[in-house]
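For the protein sequence lines, the chains are A and B, in the order given.
When the first sequence is numbered by our numbering, its final residue is 187 and no position is left out of the sequence of numbers.
When the second sequence is numbered by our numbering, its final residue is 447 and no position is left out of the sequence of numbers.
Backbone N, C-alpha and C define an ideal beta-carbon position, used for all residues, glycine too.
Treat the numbers as computed from the prediction; the structure is a model and nothing was measured.
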Amino acid sequence: AQSVTQPDIHITVSEGASLELRCNYSYGATPYLFWYVQSPGQGLQLLLKYFSGDTLVQGIKGFEAEFKRSQSSFNLRKPSVHWSDAAEYFCAMYTGTASKLTFGTGTRLQVTL
Amino acid sequence: GAGVSQSPSNKVTEKGKDVELRCDPISGHTALYWYRQRLGQGLEFLIYFQGNSAPDKSGLPSDRFSAERTGESVSTLTIQRTQQEDSAVYLCASSRSTSPQQYFGPGTRLTVL
């Protein structure tokens, strides 16, 4: 079955520290991969996406993610976190065999000052 | 340009009542999706419309849930005889027919008392 796993439910980092949010997927081929961010009471905003090509993708707000086929992973990173990055982050995949996005359960990021 | 819009933003209803949620997709987007997000969880796919094709209803949790879409415009999600477990944020997304990238609306927060 197709699935997305985000192992970390909640992460706390200090402002200025680096961040890595983990995402693993289960699918027999390479899917399209996305990271979305959701601030409280808001909809989902796309941070970045991977379709093909360069496995290191850059997104908005200084985020990047690296696709690793061997590990079925698509981890999100940011070198220096800002307090405004506190939000919930969702990893998602699209395979085309099912016309929908499959989401992970999300990682809530808390930033301490 | 205008993004995906949803109304109402909040809906409080009593158990057993019917509710209708509305979604206005981005102009020119032929694909429209409904997702449900329960508190503290990821997004669950509900239903997918693509142009004039028969909708993919595989995610609807019960026959109390239904959705309609007129052509490539507005969609309404109807929940009949609401139950407390229907309380969630209902998110709508749209995309171009050939793109896996979906654009999300702000959601409707439904509370069933």
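State the CB to CB distance for the pair residue i and residue j, rounded to an integer number of angstroms; the pair is presumed to be in contact (CB under 8 Å).
{"i": "glutamate 89/A", "j": "tryptophan 157/A", "result": "5 Å"}
{"i": "glycine 376/B", "j": "threonine 179/A", "result": "4 Å"}
{"i": "asparagine 98/A", "j": "serine 147/A", "result": "5 Å"}
{"i": "glutamine 132/A", "j": "leucine 120/A", "result": "Not really, about 13 Å apart at Cβ, beyond 8 Å."}
{"i": "valine 346/B", "j": "threonine 442/B", "result": "Not quite, the Cβ-Cβ distance comes to about 11 Å (not below 8 Å), so this is no contact."}
{"i": "glycine 117/A", "j": "leucine 447/B", "result": "Contact doesn't hold; Cβ gap of about 24 Å is too wide."}
Quick one: what's got a C-beta closer than 6 Å to residue i's C-beta in the same chain, skipping five residues either side?
{"i": "serine 341/B", "result": "Arg356"}
{"i": "threonine 176/A", "result": "Gln76, Val78, Met167"}
{"i": "phenylalanine 451/B", "result": "Missing from the structure shown is residue 451/B; chain B here goes from 335 to 447 and no further."}
For residue i versus residue j, is the C-beta spacing smaller than 8 Å?
{"i": "threonine 316/B", "j": "valine 338/B", "result": "Since the displayed chain B opens at 335 and closes at 447, residue 316/B lies outside it and no answer follows."}
{"i": "leucine 373/B", "j": "glycine 393/B", "result": "no"}
{"i": "alanine 422/B", "j": "glutamine 371/B", "result": "yes"}
{"i": "serine 407/B", "j": "threonine 364/B", "result": "no"}
{"i": "threonine 412/B", "j": "serine 400/B", "result": "yes"}
{"i": "valine 155/A", "j": "alanine 103/A", "result": "no"}
Suppose you measure from the CA of residue i to the CA of residue j; what does that come to, to the nearest Å?
{"i": "isoleucine 134/A", "j": "glycine 350/B", "result": "43 Å"}
{"i": "threonine 169/A", "j": "glutamate 348/B", "result": "38 Å"}
Could you name the residues of the same chain whose beta carbon sits closer than 7 Å to that of residue i, not counting the 5 residues immediately before and after it, in chain order?
{"i": "alanine 161/A", "result": "Val111, Gln112, Ser113, Leu183"}
{"i": "leucine 130/A", "result": "Glu138, Glu140"}
{"i": "arginine 398/B", "result": "Ile413, Gln414, Arg415"}
Leaving out five residues before and five after residue i in sequence, what residues of the same chain have Cβ atoms less than 8 Å from its Cβ?
{"i": "isoleucine 360/B", "result": "Gly335, Ala336, Gly337, Val338, Ser428, Tyr437"}
#### Entry: Whole beta strand (DSSP E) elements within the region 100-125 of chain A, 3-residue minimum
106-112, 118-124
### Query
Could you give the uninterrupted runs of the alpha helix (DSSP H) lying entirely in the region 385-418 of chain B, keeping only those of 4 residues or more?
none
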